[in-house]
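**Q** Mind having a look at this structure? Questions to follow.
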Amino acid sequence: MSSPSDTALLRVHELHKNYGDLEVLKGISLELKPGETLSLIGPSGSGKSTCLRCINYLEKPTSGEIWLGDELIGQVKDGKRLRLMSDREMAPQRREIAMVFQLFYLWPHLNVRDNVALGPIKAQGMPRKQAYELADAMLEKVHLRHKAEAYPEQLSGGQQQRVAIARALAQQPKVILFDEPTSALDPELVGEVLAVIRELAEEGRSMIMVTHEVRFARDVADRVIFMDGGRIVEQGPSAQVIDNPRHERTRSFLGRMAVESA
Amino acid sequence: MISFFQQYPEYWSDWFARLLLGARVSAELSLTGFALAAVLGALLAWAMKSPSVLLKRLAVFFIQGMRAVPLLALLLALYFTLPSLGLTLSGYWAGAIGLGLQGSAYVAEILRGGLDSLHRGQRESAIATGLTPLQAFTSVIFPQAIRGMLPPLLNAYVSILKDSSLCALIATDELMLAARAIASESFLPMHIFLLVGLFYFVIAFPLSLLSRVLEVRFSRGRKTIRG
Chain Z
-3 MSSPSDTALL RVHELHKNYG DLEVLKGISL ELKPGETLSL IGPSGSGKST
47 CLRCINYLEK PTSGEIWLGD ELIGQVKDGK RLRLMSDREM APQRREIAMV
97 FQLFYLWPHL NVRDNVALGP IKAQGMPRKQ AYELADAMLE KVHLRHKAEA
147 YPEQLSGGQQ QRVAIARALA QQPKVILFDE PTSALDPELV GEVLAVIREL
197 AEEGRSMIMV THEVRFARDV ADRVIFMDGG RIVEQGPSAQ VIDNPRHERT
247 RSFLGRMAVE SA
Chain R
757 MISFFQQYPE YWSDWFARLL LGARVSAELS LTGFALAAVL GALLAWAMKS
807 PSVLLKRLAV FFIQGMRAVP LLALLLALYF TLPSLGLTLS GYWAGAIGLG
857 LQGSAYVAEI LRGGLDSLHR GQRESAIATG LTPLQAFTSV IFPQAIRGML
907 PPLLNAYVSI LKDSSLCALI ATDELMLAAR AIASESFLPM HIFLLVGLFY
957 FVIAFPLSLL SRVLEVRFSR GRKTIRG
């Protein structure tokens, strides 16, 4: 019989993050199984976005370890001690952990197809023709194949975020991180982005999503983790955490969210 | 009464030829100075962006120093005091280096400002996609930043071109020195210096115009760029 950590695709172990005296993450441990969609919810300032950004080392953890399979992320053995990798050393690892940002961060000087193909061309050394075919296929997945020649500024926010998702898919990553992917969108554009993410979940992609969309998390995520004050308060199957939270803090947070969205 | 431009008609073609020669030297001198300013300015901008506090301080100190020193003082120092240290520069090279040194301070600020104008998310999304920092710079950061840098860089070149006239005072055979020579031979300073003004104008004005056009074009694009 195997322990849970043997089957985990991604493991976060005792993650701490301090900004000076401010302790933002106070020891986060979590696991993501292959094909699983995990949702991180919690109030603003609970550390959920910081936690996500530590996974691909856009924020450097103060201590703790991130494992992707049996590969230690962001740190390398230097003699007997571990040291932080440079951004250059980390490039191949980051290729395997895609990220979708709240503000999309598409590259405005490149058209949509080039935005999606740049990663494969540069990071994977893929020939341009093949990268464009891959880009078009990924754009098809987010239903934007017809916008391949457009520039980001010509697209709506929802379309830009779907391009950003296509860009993430083109990395052919093992894990996709979503950092509040719908928070910057006009309400009427949220649905199209959530629909794409739902399709990815149904395909069995391994994903971690920080979100304020509690109902979406309940419907789409396999598991939900509720964070508050830099700690995990509660985690479990999404329906259980959201419909029958055990902790008082989870209940009051979900109550507030329900009032706000009503 | 003889009209303004009809004095010494037999000399005009000679003067024009000499001024043209001087203008060519001015153009070369200012381009050499600008090339030096670009290379040194890029190094300074890189130093200001580097994590090393020492490098950053040195770069800032150099830039502030270069801005505080009058160009003429710098040119005279290069031309007249370096020989006593065993390094003799021609007027041309003393001029080019002086223009380059001072220009580099302005170029460095332009480059740094251009890089700072991009949201840090642009770099984050590039490295999160698996690009190395160098790839992120060449494929994502620089192509965007250069749009904002081009107009002020053109203006910096125009400044260097105009400042290059000071090199006449360290015996560089450029446009202004040619003009002074002709003016003192002909006793027609107003005519000659008007003509010289026209020479500078003909070179500088199209560049200023181009800078303005680029500025308007790029700022139009920028408004719609998000993130």
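Chains as they are written, first to last, in my numbering: chain Z, -3 to 258; chain R, 757 to 983. Built from N, CA and C at the ideal position, the CB exists for glycine as well. Keep in mind that this is a model prediction, so the values were computed, not measured.
Output the distance between the C-alpha atoms of R/Arg823 and Z/Val192, rounded to the nearest integer angstrom.
**A** About 55 Å.
**Q** Would you please verify whether the beta carbon of Z/Asp182 is less than 8 Å from any beta carbon of chain R?
**A** Closer than 8 Å: no.
**Q** Would you say the beta carbon of R/Glu971 is closer than 7 Å to some non-hydrogen atom of the ligand PLP?
**A** The ligand PLP is not among the ligands present in this structure, which contains no ligands whatsoever.
**Q** What residue range does the alpha helix (DSSP H) around Z/Gln155 cover?
**A** It spans Gly153 to Ala166 - the alpha helix (DSSP H) in which Z/Gln155 sits, taken as one unbroken run.
**Q** Would Z/Pro286 pass as an interface residue toward chain R - the criterion being a Cβ-Cβ separation below 8 Å?
**A** Any answer about residue 286 of chain Z is impossible in this case: the structure gives chain Z only from -3 up to 258.
**Q** Please compile the residues from chain R whose C-beta is within a distance smaller than 7 Å of the C-beta of Z/Phe97.
**A** Result: Gly877 and Ser881.
**Q** Distance check for R/Ala924 and R/Ala852, CA to CA, integer angstroms please.
**A** Their Cα atoms are separated by approximately 12 Å.
**Q** Return the residues of the stretch 894 to 918 of chain R that lie within a Cβ-Cβ distance of less than 7 Å from chain Z, sorted by chain order.
**A** Flagged, chain order: Ser895, Val896, Pro899 and Gln900.
**Q** In angstroms with no decimal places, state the Cα-to-Cα distance between Z/Phe249 and Z/Asp239.
**A** Looking at the two C-alpha atoms, the distance is approximately 12 Å.
**Q** With a threshold of 8 Å between beta-carbons, can Z/His243 be considered close to chain R, or not?
**A** Not closer than 8 Å to any Cβ of chain R, the Cβ of Z/His243 fails to qualify, so no.
**Q** Flag R/Leu785 as yes if its beta-carbon sits less than 8 Å from any beta-carbon of chain Z, otherwise no.
**A** By this cut-off, R/Leu785 is not an interface position.
**Q** When Cβ atoms are compared, which residues of the stretch 112 to 146 of chain Z fall closer than 8 Å to chain R?
**A** Per Cβ criterion, the list reads Leu114, Gly115, Lys118, Ala119 and Gln120.
**Q** Hey, Z/Asn52 and R/Ala884 are a contact pair by Cβ (cut 8 Å); roughly how many whole angstroms apart?
**A** About 6 Å; that satisfies the 8 Å criterion.
**Q** Could you check where the beta strand (DSSP E) with Z/Lys13 kicks off and where it finishes?
**A** Per DSSP, Z/Lys13 belongs to the beta strand (DSSP E) from Leu6 to Tyr15.
**Q** Verify the CB distance criterion: does Z/Asn107 have a CB-CB separation below 8 Å to chain R?
**A** Judged by the 8 Å Cβ criterion, Z/Asn107 is not in contact with chain R.
**Q** Should Z/Gln167 be labelled buried (16 or more other beta-carbon atoms within 10 Å of its own) or exposed?
**A** Buried, by the Cβ-count rule.
**Q** Under 8 Å between C-beta atoms, does R/Thr980 make it to chain Z?
**A** Low local confidence applies: a pLDDT of 41 at R/Thr980 is under 50, so the model's placement there is unreliable, with the coordinate-based value given in what follows. Interface residue, yes.
**Q** Counting only C-beta atoms, is R/Gln891 closer than 8 Å to chain Z at any point?
**A** Yes - at least one Cβ of chain Z is within 8 Å of the one on R/Gln891.
**Q** Using C-beta distances below 6 Å, list every residue in its chain close to R/Leu933, excluding the 5 sequence neighbours before and after it, in chain order.
**A** Correct list, in chain order: Ala924.
**Q** When the cut-off is 8 Å and only beta carbons count, does Z/Pro30 lie next to chain R?
**A** It does not: the Cβ of Z/Pro30 has no partner Cβ on chain R nearer than 8 Å.
**Q** Which of the three DSSP states, helix, strand or coil, is assigned to R/Asp770?
**A** In the structure shown, R/Asp770 sits in a helix (DSSP, three-state: H, G or I).
**Q** Can you give me the start and stop residues for the alpha helix (DSSP H) that Z/Gln89 sits inside?
**A** Taken as a continuous stretch (DSSP letters only), the alpha helix (DSSP H) holding Z/Gln89 covers Asp83 to Glu92.
**Q** Got a sec: is the Cβ-Cβ distance from R/Ala852 to anything in chain Z below 8 Å?
**A** Not closer than 8 Å to any Cβ of chain Z, the Cβ of R/Ala852 fails to qualify, so no.
**Q** What is the DSSP secondary structure of R/Gly983, reduced to helix, strand or coil?
**A** Legend: pLDDT at R/Gly983 = 37, less than 50; position of this residue unreliable, value from coordinates given subsequently. Coil.
**Q** What would DSSP say about Z/Arg77, mapped onto helix, strand or coil?
**A** Three-state result, Z/Arg77: strand.
**Q** With DSSP run on the structure shown, which of helix, strand or coil describes Z/Trp103?
**A** Z/Trp103: coil per DSSP, three-state reduction.
**Q** Buried or exposed: where does Z/Asp290 fall if 16 or more other Cβ atoms within 10 Å of its Cβ makes it buried?
**A** This structure leaves residue 290 of chain Z out entirely; chain Z is present only between -3 and 258.
**Q** Any beta carbon from chain Z within less than 8 Å of R/Gly886's own beta carbon?
**A** Judged by the 8 Å Cβ criterion, R/Gly886 is in contact with chain Z.
**Q** Using the beta-carbon count (16 or more within 10 Å), is R/Leu776 buried or exposed?
**A** Flag for R/Leu776 reads exposed.
**Q** Is the Cβ of Z/His177 closer than 8 Å to any Cβ of chain R?
**A** The residue you asked about is not His; residue 177 of chain Z is Pro in the sequence shown. Chain R contact via Cβ: absent.
**Q** Got a sec? Which residues, its chain only, sit under 8 Å from Z/Ser(-1) by beta carbon, not counting five neighbours each side?
**A** With a pLDDT of 45 at Z/Ser(-1), under the threshold of 50, the predicted position of this residue should be treated as unreliable, and no value is reported.
**Q** Name the residue from Z/Met134, Z/Leu68 and Z/Glu27 whose alpha carbon lies nearest to the alpha carbon of Z/Arg109.
**A** For the residues Z/Met134, Z/Leu68 and Z/Glu27, the minimum Cα distance to Z/Arg109 belongs to Z/Met134.
**Q** Are Z/Arg7 and R/Gly886 close, meaning C-beta to C-beta below 8 Å?
**A** No, Cβ-Cβ distance for Z/Arg7 and R/Gly886 is not below 8 Å.
**Q** Would you kindly work out how many angstroms separate the C-alpha atoms of R/Ser915 and R/Ile959, rounded to a whole number?
**A** Using only the alpha carbons, I get a separation of about 12 Å.
**Q** Going by the CB atoms, is the gap between Z/Thr207 and Z/Val229 shorter than 8 Å?
**A** No, the pair does not count as a contact, with Cβ atoms beyond the cut-off.
**Q** From the beta carbon of Z/Ala87, is the nearest beta carbon of chain R less than 8 Å away?
**A** Yes, because at least one Cβ of chain R sits closer than 8 Å to the Cβ of Z/Ala87.
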